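As they're listed, the protein sequences go chains A and B.
Each residue of the first sequence is one higher than the one before, starting from 120 at the first, in my numbering.
Each residue of the second sequence is one higher than the one before, starting from 845 at the first, in my numbering.
Backbone N, C-alpha and C define an ideal beta-carbon position, used for all residues, glycine too.
Computed from a predicted structure; not experimentally measured.
So the structure is just underneath, and the comments pick up after that.
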Amino acid sequence: MTDASDADLIAAVAAGRQEALMALYDRHGGMAYGLAYRVLGDAGTAEEAVQDAFLQVWRRAASFDLARGSAVRSWLLTIVHHRAIDLLRKRSARSTPTPLEDVAELLSVPSAWPEVEATLLRERVRTAIGALPTEQRQAIELAYFDGLSHREIAERTGDPIGTVKGRLRLGLRKLSTMLAEPGGA
Amino acid sequence: MATTTTPPSHDDLRELLGAYALDALLPSERVALKAHLATCPACREELAELRRAVEALPYLADERHPPDELRDRIGAAVAAEPRGATGTAAGGPISLAEARRRRQPVWWALATAALLLVSLGLAGWNVALQRQLSAMTPRTVALTATDAGQGARGAVTVMPKEQVVLLNVSDLPPLPANMVYEVWMIHPDGTPVPGGVFTGQTARHAMAADPASVATVAITAEPGPTGLPAPSGQVMVAASL
């Protein structure tokens, strides 16, 4: 199974083949766990998030639409992230995140990085985010890794909410532009 | 902040796109923006662009080697899913934590216990490994209903490698008041060992056991809430492994 593409594997998962799910886990488990750990900061809860996420992948594999061109890895990591933020917000008694259905809608967007090597992508993303103004980068990271709302970010940084909204939008736009630049790949 | 009576403009809403892509909006704003997106191609296009950036954010986290037990746990959790669960997302997915809360706490406790036994029992693996390879692959045996269990159906899946016996049963006859279903793992010498209790007429149930030591799995109705150490009721369903 190790030579199969992610798309082949997800199709096999949809057909109920558990070994395909485990192959996806072997391939992306390190990233999934790293992401959950970064959000949650402890091994136990991070493991819970990853386990829940892979169970979701198992249940939802059939709903994954290959035709739309989304990357399996992005889809999987979105589920992991969502679950991790859910657990984080529950732990701090804050609001639960938007239902995954709503988030999954966003995933119908064709991915820009279906086949780019993970290590290469990691370098590119780090370089790009490093090039953002500090306030934009900080706002994005507080939203993404700490699961904060714009209001909570504003409280944290002492800036007006409008400013925070602008930073999130501008920061993401710049990031997207930088990552789309040819040559970077 | 002053409240405004005029509906938010396109520009106001557009300003929310970044926070929307990061799930950092307040629920009321999210609803308003969602409605706007349905009718505004320009905002949808920008959202797609922002989403591409969000999809790249996981790469800011360092990869981390997960503990080996996590793989086993995921495998066991997936194996415990009812057959055909994949692709039938119509009922809507529920999180594992919710599922745990909503139904079968006993199941989860047992599954956890099973996994604990798996890790504790690693030493015993050498013995198991010397057996035929075919003896290591999971297999499923259908349950047979008796007169006392008319209409019930299901199957037992044994996972020798995981040292787990899984029971999937549906449409058991209704329980009399204060009774529970109790599962029995009957050894080759005929000794019944309690395998846990549950109350749902349709249930999934995992037991930690070496399948080689279980000749028959059976269900009876016994006094609740904990059942009995040895069966007293009539067997409703059974499977010979």
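Listed by chain order, chain C residues near B:H909 by CB distance under 7 angstroms: Any reference to chain C falls outside this structure, whose protein chains are A and B.
Going along the region 165 to 177 of chain A in order, which residues come within less than 7 angstroms of chain B, judged by CB to CB distance?
E166, V169, Q170, D171, F173, L174, Q175, W177
Review point. Thinking C-alpha only, which one of A:M297, A:P252, A:T238, A:K209 is nearest B:L904?
Key: A:T238
Does B:L1072 get closer than 8 angstroms to chain A when you measure Cβ to Cβ? no
Using a Cβ-Cβ distance cut-off of 8 angstroms, determine whether B:P902 contacts chain A. yes
Worksheet item: For the alpha helix (DSSP H) that A:G285 lies in, which residues bound it at each end?
Response: 280 to 299
Please classify B:A1083: is it buried, with 16 or more other beta-carbons within 10 angstroms of its beta-carbon, or exposed?
buried
Closer than 8 angstroms to chain A by CB, B:L877
no
**Prompt:** Cβ of A:L207 less than 8 angstroms from any chain B Cβ?
**Reply:** no
Next item on the list: Sort out for me which residues DSSP pairs B:S1084 with in a bridge.
Entry: B:T1060
*8 angstroms CB neighbourhood of B:H1031 in its chain, flanking five on each side removed*: Sequence-distant Cβ neighbours of B:H1031 in its own chain, meaning closer than 8 angstroms and more than five residues away, are V1037, S1057, V1058, A1059.
inquiry  = Distance check for A:L143 and B:A798, CA to CA, integer angstroms please.
reply    = Given that chain B is displayed from residue 845 to residue 1085, the structure contains no residue 798 of chain B and the question cannot be resolved.
Can you look up A:E166 in the DSSP assignment and give me helix, strand or coil? helix
Practice item. Could you tell me which residues DSSP pairs with B:P1036 in its beta bridges? Key: Note: B:P1036 sits in a beta bridge opposite B:I1030.
Can you find a C-beta in chain A that's less than 8 angstroms from the C-beta of B:A1052?
no
*Measuring only between beta-carbons, confirm whether A:R241 sits less than 8 angstroms from chain B.*
yes
* Asked: So with Cβ pairs under 8 angstroms, would you call A:L287 a contact of chain B?
  -> Yes, A:L287 counts as interfacial toward chain B.
Using a Cβ-Cβ cutoff of less than 8 angstroms, which residues in the same chain neighbour B:P926 once the five nearest sequence positions on both sides are dropped? N1012, R1048
message = Pull the bridge partners of B:M1023 from the DSSP assignment, please.
response = Per DSSP, B:P1067.
Discussion item. Determine whether the beta carbon atoms of B:N1009 and B:P1055 lie at a separation below 8 angstroms.
Written reply: Reading off the sequence, residue 1009 of chain B comes out as Val, not Asn. Yes, the pair counts as a contact, with Cβ atoms nearer than the cut-off.
- Return helix, strand or coil for A:F173, following the three-state DSSP convention. helix
Margin query: the ligand NAD and B:L914: does any heavy atom of the ligand fall closer than 7 angstroms to the residue's C-beta?
Written below: No copy of the ligand NAD occurs in the structure displayed, which carries no ligand at all.
> Using Cβ-Cβ distances below 7 angstroms, what residues of the region 1037 to 1070 of chain B are close to chain A?
Replying inline: In summary, no residue of the region 1037 to 1070 of chain B has a CB separated from any CB of chain A by less than 7 angstroms.
Query - Length-filtered (4 minimum) alpha helix (DSSP H) runs lying within the region 898 to 923 of chain B - result: 912 to 923
Rounded to the nearest angstrom, what separates A:A134 and A:K284 at their Cα positions?
42 angstroms
* **Residues near A:E254 by beta carbon distance below 6 angstroms, same chain, minus five either side** => R286
Given that a residue counts as buried once 16 or more other Cβ atoms are within 10 Å of its Cβ, and exposed if not, what is A:T296? Exposed, because fewer than 16 other Cβ atoms sit within 10 Å of the Cβ of A:T296.
Buried or exposed (CB count within 10 angstroms, at least 16 for buried), B:Q1007
buried
Practice prompt. Over the uninterrupted beta strand (DSSP E) stretch that includes B:S1014, give me the two end residues.
Written response: 1008 to 1014
**Between the CA atoms of B:G1039 and B:W1028 - distance to the nearest angstrom** = 5 angstroms
**Prompt:** Within 8 angstroms (strictly less), CB to CB, does B:L861 reach chain A?
**Reply:** yes
task = In the DSSP assignment, find the alpha helix (DSSP H) that holds A:R146 and state where it starts and stops.
result = Judged by DSSP secondary structure, A:R146 falls within the alpha helix (DSSP H) whose first and last residues are 137 to 159.
(message) So, under 8 angstroms CB-CB, A:L159 and A:L196 are touching, yes? Tell me the CB distance rounded to an integer number of Å.
(response) Actually they do not touch by this definition, with Cβ atoms about 15 angstroms apart.
- Distance, Cα to Cα, B:M1003 vs A:A180? 24 angstroms
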